[in-house]
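For reference, the structure is listed below as structure tokens.
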Amino acid sequence: MGQSKFAALAAVAVVTIVTGCTTSSVDVTETTSIAPATTDISGADLVSGKTQFREANYGLAEKHFRKAVELRSDNAEAWLGLAASYDQLGRFDFADRAYDQLVVVAGRRAHIVNNMGYSQLLRGNKKKARELLLEAKAGMTDTSVVDANLALMNKP
1 MGQSKFAALA
11 AVAVVTIVTG
21 CTTSSVDVTE
31 TTSIAPATTD
41 ISGADLVSGK
51 TQFREANYGL
61 AEKHFRKAVE
71 LRSDNAEAWL
81 GLAASYDQLG
91 RFDFADRAYD
101 QLVVVAGRRA
111 HIVNNMGYSQ
121 LLRGNKKKAR
131 ELLLEAKAGM
141 TDTSVVDANL
151 ALMNKP
């Protein structure tokens with residue numbers, strides 16, 4: 001008898017707990033008391049990414065540039081650093097995605113097209129690299145960087 005009474009009480013307790021756990025009483029009122037951030041919260045990661053890239057720590061550079069674009073998706077400089085980091089890591093699939101997003105954010109600018117050409121050069125795709133580098137050269141006043149990339153392409 002004692003066990004059946006205990007089982008009945010346990011069943012009532014479970015039913016009470018389960019029926020009490022509903023989300024219908026959750027307050028979904030939106031508030032505007034939290035002001036949006038006015039500073040560039042991705043700045044520190046951008047600086048760290050550049051430092052790591054200059055020191056040839058491409059994995060760490062990628063980490064910081066990726067965080068910077070996650071924090072601020074319109075940060076063209078961070079997208080460029082992310083794409084270049086992926087190039088150096090040989091992750092050309094991710095580099096292409098980053099370059100695509102960079103073009104959306106900043107437009108098809110000559111220095112971006114130059115980097116895209118260099119990316120193709122790293123892959124061994126000389127035809128596509130030449131096409132992109134010549135496009136970049138046409139849009140630059142100082143073509144020294146593009147000329148250096150074109151010279152690299154002509155090395156045996």
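The sequence shown: position 34 = 34 (UniProt numbering), numbered continuously.
The beta carbon of each residue, even a glycine, is placed where N, CA and C say it ideally should be.
Same chain, Cβ closer than 7 Å to N114, five either side skipped, listed in chain order
L133, A136, V145, V146 and N149, listed in sequence order.
What are the complete alpha helix (DSSP H) segments, minimum 4 residues, inside the region 46 to 110?
Taking only runs of at least 4 residues, the alpha helix (DSSP H) segments lying wholly in the region 46 to 110 are 58 to 71, 76 to 89 and 92 to 106.
By the DSSP assignment, the alpha helix (DSSP H) with residue 226 in it spans what residues?
Outside the shown range of the chain, which is 1 to 156, sits residue 226, and nothing can be said about it.
Among the residues of its own chain, which have a CB less than 6 Å from the CB of K63, if the five just before and after it don't count?
Correct list: empty, nothing qualifies.
With distances taken between CB atoms, is the gap from K67 to D45 smaller than 8 Å?
Yes. Within cutoff.
Three-state secondary structure (DSSP) at G139?
Under the three-state reduction of DSSP, G139 is assigned to coil, being neither helix nor strand.
Let me confirm a value: A151 is counted as buried when at least 16 other C-beta atoms fall within 10 Å, else exposed. Which label applies?
By the 10 Å Cβ count, A151 comes out exposed.
Quick check on DSSP: helix, strand or coil for G43?
In the three-state DSSP reduction, G43 falls in the helix class (H, G or I).
Alpha carbon to alpha carbon, how far is P156 from D100? Give it in angstroms, no decimals.
About 30 Å.
DSSP-derived helix/strand/coil call for G117
Helix.
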